[in-house]
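Some notes on the structure that comes next.
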Amino acid sequence: MNHYLATHVESLPPSGIRKFFDLVATMKDVISLGVGEPDFVTPWTVRESGIFSLEQGQTMYTSNAGLFELRDELAHHLSVTMGLSYKPLDEILITAGASEAVDLVMRAVLNPGDVVLVPNPSYVSYGPCATLAGATVHYIPTHAKDDFRLRVEDLTQAYTPQAKLLVLSYPNNPTGAIMTREDLLPIADFAAKHDLLVLADDIYSDLTYDGTHVSFASLPGMRDRTLFVSGFSKSYAMTGWRIGYVAGHKDLIAGLTKIHQYTMLCAPIMGQFAALEALRSAAEARDEMVAAYDRRRRLMVHGFRQMGLDCFEPLGAFYVFPEITKTNLTSEEFAEELLKEEKVAVVPGTAFGPSGEGHIRCSYAYSTEQLQEALKRIARFVQPRIS
2 MNHYLATHVE SLPPSGIRKF FDLVATMKDV ISLGVGEPDF VTPWTVRESG IFSLEQGQTM
62 YTSNAGLFEL RDELAHHLSV TMGLSYKPLD EILITAGASE AVDLVMRAVL NPGDVVLVPN
122 PSYVSYGPCA TLAGATVHYI PTHAKDDFRL RVEDLTQAYT PQAKLLVLSY PNNPTGAIMT
182 REDLLPIADF AAKHDLLVLA DDIYSDLTYD GTHVSFASLP GMRDRTLFVS GFSKSYAMTG
242 WRIGYVAGHK DLIAGLTKIH QYTMLCAPIM GQFAALEALR SAAEARDEMV AAYDRRRRLM
302 VHGFRQMGLD CFEPLGAFYV FPEITKTNLT SEEFAEELLK EEKVAVVPGT AFGPSGEGHI
362 RCSYAYSTEQ LQEALKRIAR FVQPRIS
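Everything in the sequence shown is counted per the working numbering, starting at 2 for the first residue and increasing by one.
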């Protein structure tokens with residue numbers, strides 16, 4: 002039946018992450034470090050708000066843009082925490098997770114033949130979403146020697162006059178890299194010079210362990226050329242609630258809303274009420290989760306270095322991205338053999354693009370006990386191969 006599929010869909014590779022978790026589903030006693038999902042339960046006050054909305058019969062559509070109360074609270078939150086100023090009426094759109102927001106941005110602004118610039122390694126969806134929108138992707142390699150930060154020199158090399166959109170995702174999945182204001186300023190100058198739109202995916206902004214997160218949209222002159230994407234999944238352990246958002250110039254948001262209203266219509270109302278409560282009352286619970294991730298981060302970096310692997314210290318998100326070239330295995334071979342021999346599931350770095358070769362991604366959004374046992378098994382797998 003494949004001949005019925007659109008050519009660009011048939012040629013699209015499946016997610017490199019999911020391949021390994023199809024295997025995991027068939028095995029027993031596997032420790033999985035693969036899924037980027039908090040192991041915490043959504044804070045009780047947030048769950049209670051969702052439950053209460055159901056009890057009150059709040060099971061209908063909201064406006065396409067989302068509950069005004071949520072958009073208003075988000076506008077206040079972004080102003081206080083990041084110095085960003087957006088009007089809740091027409092510059093914020095509530096989406097079904099940040100993933101929908103990314104897809105909407107790509108489809109709303111890209112024409113066939115446009116080029117999207119994506120630092121690499123990067124989240125698995127950016128390239129496919131751009132392809133589905135008819136654009137071409139130019140990946141920009143980033144490297145451990147540069148702390149996996151995007152350098153303007155590499156951006157310049159990847160640039161083409163057909164480039165329209167630059168994707169920035171810091172703190173980064175899978176590397177855990179961050180970018181400071183000083184790092185971002187040359188990128189902002191480049192974007193202005195070449196009239197690039199910027200998709201700033203700030204979904205991990207609250208999970209920053211060194212300094213304070215700086216949003217690209219907050220830089221001089223960048224607000225109106227930036228589409229700011231974020232959500233509640235990572236910060237508040239709300240992955241299944243599917244609430245994200247995108248903020249930007251009203252003309253751009255109007256374009257995104259056209260697509261949203263014909264496809265998703267609106268994000269789930271119960272999730273929107275829960276997100277509203279998260280902003281109002283869950284800051285302490287969020288900070289406790291972040292502190293736990295920070296402790297686990299240190300455990301993982303120490304563990305990989307102790308077993309003899311080079312491991313960049315992540316300063317954001319909840320992933321480590323150790324280098325495994327000393328084992329003389331490719332990323333794919335390492336992940337496959339580790340799963341078979343020691344029943345630990347990790348994601349090969351190549352799932353996040355060509356620059357991920359020689360690395361694996363491990364999430365530390367798991368209990369300390371699981372992480373310690375996983376490190377023990379990985380060390381047992383690695384040591385004979387590098388000694």
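Glycine included, every Cβ here is placed at the ideal spot set by N, Cα and C.
- Per DSSP, the continuous beta strand (DSSP E) segment holding C363 begins and ends at 361-364.
- For L79, the uninterrupted alpha helix (DSSP H) segment begins and ends at 69-83.
- Under the DSSP definition of a beta bridge, Y320 partners with S364.
- In this structure L169 is not in contact with A134, their Cβ atoms being roughly 18 Å apart against a cut-off of 8 Å.
- In the structure shown, I244 falls within a coil segment according to DSSP collapsed to helix, strand and coil.
- According to the DSSP assignment, S231 belongs to no alpha helix (DSSP H) but to the beta strand (DSSP E) extending over 227-232.
- Residue pairing by DSSP places T209 opposite G317 in a beta bridge.
- Assigned with DSSP and collapsed to three states, P142 falls in strand.
- Ranked by how close their Cα comes to the Cα of F229, the residues V42, M2, E74, V103 have V103 in first place.
- Taking the C-beta atoms as reference points, L71 is found no nearer than 8 Å to Q262.
- The beta carbon of D211 lies closer than 6 Å to those of L316 in the same chain, with the five residues before and after it left out.
- Here the alpha carbons of A76 and Y87 stand approximately 6 Å from one another.
- Going by DSSP, D252 is part of the alpha helix (DSSP H) stretching over 251-264.
- Taking each of D40, L151, N121 in turn and checking the Cα distance to H139, the smallest one comes out for N121.
- Secondary structure note for L151: it is in no beta strand (DSSP E), with a DSSP letter that is neither H nor E.
- The beta carbon of T137 is closer than 6 Å to those of V116 in its chain, skipping five residues each way along the sequence.
- Note that the C-beta distance between G304 and V383 is not below 8 Å.
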